[in-house]
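Enquirer: Per the working numbering, residue 398 is the first one in the sequence shown, and the count goes up by one each step.
All C-beta atoms in this analysis are idealised placements derived from N, C-alpha and C, irrespective of residue type, glycine included.
On a predicted model such as this, the values are computed, not experimentally measured, just so you know.
One structure coming up, written as structure tokens, with questions to follow.
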Amino acid sequence: MTRLAVRTMDFRLAFRLMQALKGQNIKFDLLDHDAPLSHAETVWMSSDVEIVGREDQGWPVAASLEDIDGAIQRALLHLRGVHQIHELTFGIDPGPRPGIAWMGDGVVLGMSQLESIDKVTAHIKTIKSAVRHQQSRVRIGDGAPLLRDQIINECIAANLLIEQVDETRTSRGLLRHNHVISAVRIAMIRGQRVWEQRNITPSEGQLKEIQRQSRKRSNGRKTISADMALAVARGELDLDEALSH
């Protein structure tokens, strides 16, 4: 019989997973990080770092503090015997703290709100490596053009198939500011394929906004130059790198 286990050295992650599983009345075992699995079909949840090199042990599920519910949903898919997904689809609601959702054959597997656009492609790659699938695509809303195009360029550089979606079809009522819900809706809408990286030419106002963000990030100690702001806008540097120059 397939079993479910929490198998991580990360105390906070283990606590949150156990708390959520108990809240949903889902039975599970708590295993030490290096403990052997009791069954070849055991589904086990851990951090993405701890899964590396042990992908062939049972059915690993990458979990994070920001995506406890998503990890549990993916684990439940494995418990139901759904190990292979045909198409894995990502939806991105662009913004300073982008919302991201991922779906397997039309079923929502998880969602998260990231702290910056710098983490988007890494997040997608982590999920792609954790969820077995045949093909994947990324869909991004057309809002926040400067940030949107940075994400598009990074996705293309990472060889990800990406489409731009009409975001006006995803923002409804009071949920229009809920970026993860918008990301789910974006993932469900067919968009226009983007084949080439875009030339990012920020306006003076956009550069000043990046400078304002640098001042805020450094607690008023430093404002980056216009040239540095341009490099950040083009994705050549992230804000922290620009501040360290």
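Counting along the chain, where does the beta strand (DSSP E) carrying Asp431 start and finish?
Expert: No beta strand (DSSP E) contains Asp431, which DSSP labels as neither H nor E.
Enquirer: Applying the 10 Å Cβ sphere with the 16-neighbour rule, what's the burial state of Glu564?
Expert: Buried, because 16 or more other Cβ atoms sit within 10 Å of the Cβ of Glu564.
Enquirer: Ignore the nearest five residues each way along the sequence and tell me which others in Ala460's own chain have a CB closer than 7 Å to its CB.
Expert: Excluding sequence neighbours, Ala460 sits near Leu410, Leu414, Met442, Ser443, Ser444 and Ala468.
Enquirer: My output table needs one value for Ala472: the three-state DSSP class, helix, strand or coil.
Expert: Note: Ala472 maps to helix in three-state DSSP.
Enquirer: Which one or two residues does DSSP pair with Asp490 in a beta bridge?
Expert: DSSP, once it has assigned bridges, lists Gly496 as partnering Asp490.
Enquirer: Restricting to Cα atoms, I'd like to know which of Thr486, His436 and Ala626 is closest to Gln531.
Expert: The residue with the shortest Cα to Cα distance from Gln531 is Thr486.
Enquirer: Considering Ala459, what are the terminal residues of the beta strand (DSSP E) in which it resides?
Expert: From DSSP, the beta strand (DSSP E) with Ala459 extends over Trp456 to Ala459.
Enquirer: May I have the straight-line CA-CA distance separating Leu473 from Asp453, to the nearest angstrom?
Expert: The straight-line gap from Cα to Cα measures roughly 18 Å.
Enquirer: Mind pulling the alpha helix (DSSP H) runs of 4 or more residues that sit fully within the segment 596-630?
Expert: Complete alpha helix (DSSP H) runs here, min 4: 601-614 and 623-630.
Enquirer: What three-state label does DSSP hand Glu633 in the structure shown?
Expert: Correct three-state label for Glu633: coil.
Enquirer: Can you give the Cα-Cα distance for Pro433 and Arg595, rounded to whole angstroms?
Expert: Each residue's Cα considered, the two are about 48 Å apart.
Enquirer: For the segment 624-637 against the segment 575-584, are there 3 or more C-beta pairs whose distance is under 8 Å?
Expert: Because the criterion of three Cβ pairs below 8 Å is not met, the segment 624-637 and the segment 575-584 do not touch.
Enquirer: I'd like to know whether the C-beta atoms of Gln491 and Leu558 end up nearer to each other than 9 Å.
Expert: According to the sequence as given, residue 491 is Pro; it is not Gln. Result no, Cβ atoms of Pro491 and Leu558 do not sit closer than 9 Å.
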